[in-house]
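S.K.: One structure, as structure tokens, below. Some questions next.
Numbering (my numbering), first residue to last: 2 to 241.
As structure tokens, this is what we get:
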């Protein structure tokens, strides 16, 4: 899952991201929160360069870390090597081992932000909007071309109707068992997102039904989850 970065100027942002997910046990969330904050604080303290991540917490207990990469070759690098050097192996190992005690599984995957299918009307920004609604649309590989065309039709309709609320589209990559598109909608909270959805429906009118159905009929599975961007757990090297 993705999709946390502000894509107001998507043409200038990387299109490939590595996503690390910790499936934290509910009873361990308080402990994990403190450890995740300690990790970020140590990166801040030691001013670690060459690595950054945006943290997202999902309602089902997932803690997601999204980092931009330029190419697959960057996966051969260890992004945590510098923190081991600065903290020392013993302290760093203890921190990561303690985090490991909080979940029974974790995973890594590549996702792609698709500017061509994302809808960014003039003035669109996710600044100050840390709540997220994620829609996962799974499809069969044989329908890849048709699904892409159907997603493009949705964007064209939003553009033609002058919808003010934007959205971002991501696609699964290496590490994902199934093919999917993920639509990310940003808002200050779930109420704001619901209000925006109602406004969209009014603008799009009945014309949306057939266009949306072109996506729905190709969808083999659908998931919707809510998440929160966590600036307090995210790390971006200081530019100063």
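Ideal Cβ positions, reconstructed from N, Cα and C, are used throughout, including at glycine.
1) Return the residue from the list 68, 49, 57 and 63 that minimises the CA-CA distance to residue 16.
2) Measure the C-alpha to C-alpha separation of residue 81 and residue 101 and round it to an integer number of angstroms.
3) Does residue 237 pass the burial test, meaning 16 or more other C-beta atoms within 10 Å, or should it be called exposed?
4) Using the Cα positions of residue 14 and residue 165, report the straight-line distance between them to the nearest angstrom.
5) Helix, strand or coil for residue 237, going by three-state DSSP, please let me know.
6) Just how far apart, CA to CA, sit residue 44 and residue 95?
7) Can you list, in chain order, the residues of its chain whose CB lies under 7 Å from that of residue 115, leaving out five sequence neighbours each side?
8) Could you check the C-alpha separation between residue 11 and residue 113 for me, to the nearest Å?
9) Please classify residue 23 as buried or exposed, where buried requires at least 16 neighbouring CB atoms within 10 angstroms.
10) In terms of DSSP beta bridges, what is residue 22 paired with?
11) Would you please state the rounded distance, in angstroms, between the beta carbons of residue 84 and residue 18? I believe it to be under 8 Å.
12) Does the Cβ of residue 106 have 16 or more other Cβ atoms within 10 Å, making it buried, or fewer, making it exposed?
13) Once DSSP output is grouped into helix, strand and coil, what is the label at residue 215?
14) Taking 6 Å as the limit between beta carbons, can you name the residues of its chain near residue 41, skipping five residues before and five after?
15) Quick one: Cα of residue 54 to Cα of residue 78, how far?
M.R.: So, to answer that:
1) Against the chain shown, residue 16 aligns to sequence position 15. Among 68, 49, 57 and 63, the Cα nearest to that of residue 16 is on 68.
2) As a working note, residue 81 is residue 80 in the chain shown. As a working note, residue 101 is residue 100 in the chain shown. Their Cα atoms are separated by approximately 15 Å.
3) If you number the chain shown from 1, residue 237 lands on position 236. Exposed is the call here.
4) What you label residue 14 is simply residue 13 of the chain shown in a count that begins at 1. What you label residue 165 is simply residue 164 of the chain shown in a count that begins at 1. With a pLDDT of 49 at residue 14, under the threshold of 50, the modelled position of that residue is not reliable, and the figure given next carries that caveat. Taking the straight line joining both Cα atoms gives about 22 Å.
5) The sequence position of residue 237 within the chain shown is 236, counting from 1. DSSP places residue 237 in coil when its eight states are reduced to three.
6) Within the chain shown, residue 44 is the residue found at index 43, counting from 1. Within the chain shown, residue 95 is the residue found at index 94, counting from 1. Each residue's Cα considered, the two are about 15 Å apart.
7) On the chain shown, position 114 is the one that residue 115 refers to. Here the set comprises 170, 171 and 172.
8) Residue 11 sits at position 10 when you count from the first residue of the chain shown. Residue 113 sits at position 112 when you count from the first residue of the chain shown. Bear in mind that a pLDDT of 40 at residue 11, under 50, signals an unreliable position, so the model cannot answer this.
9) The count along the chain shown starts at 1 and reaches residue 23 at position 22. Looking at its Cβ environment, which holds 16 or more other Cβ atoms inside 10 Å, residue 23 is buried.
10) In the chain shown, the residue the question calls residue 22 occupies position 21. Answer is 65 and 108.
11) For the purposes of this step, residue 84 is taken as the residue at position 83 of the chain shown. For the purposes of this step, residue 18 is taken as the residue at position 17 of the chain shown. Actually they are not in contact, since the Cβ atoms of residue 84 and residue 18 sit about 20 Å apart, beyond 8 Å.
12) Translated into positions along the chain shown, residue 106 becomes position 105. By the 10 Å Cβ count, residue 106 comes out exposed.
13) By one-based count along the chain shown, residue 215 stands at place 214. In the three-state DSSP reduction, residue 215 falls in the helix class (H, G or I).
14) As a first step, residue 41 must be located in the chain shown, where it is residue number 40. These residues qualify, in order along the chain: 234 and 236.
15) Residue numbering aside, residue 54 sits at position 53 when the chain shown is read from its first letter. Residue numbering aside, residue 78 sits at position 77 when the chain shown is read from its first letter. Going by the C-alpha atoms only, they are around 15 Å apart.
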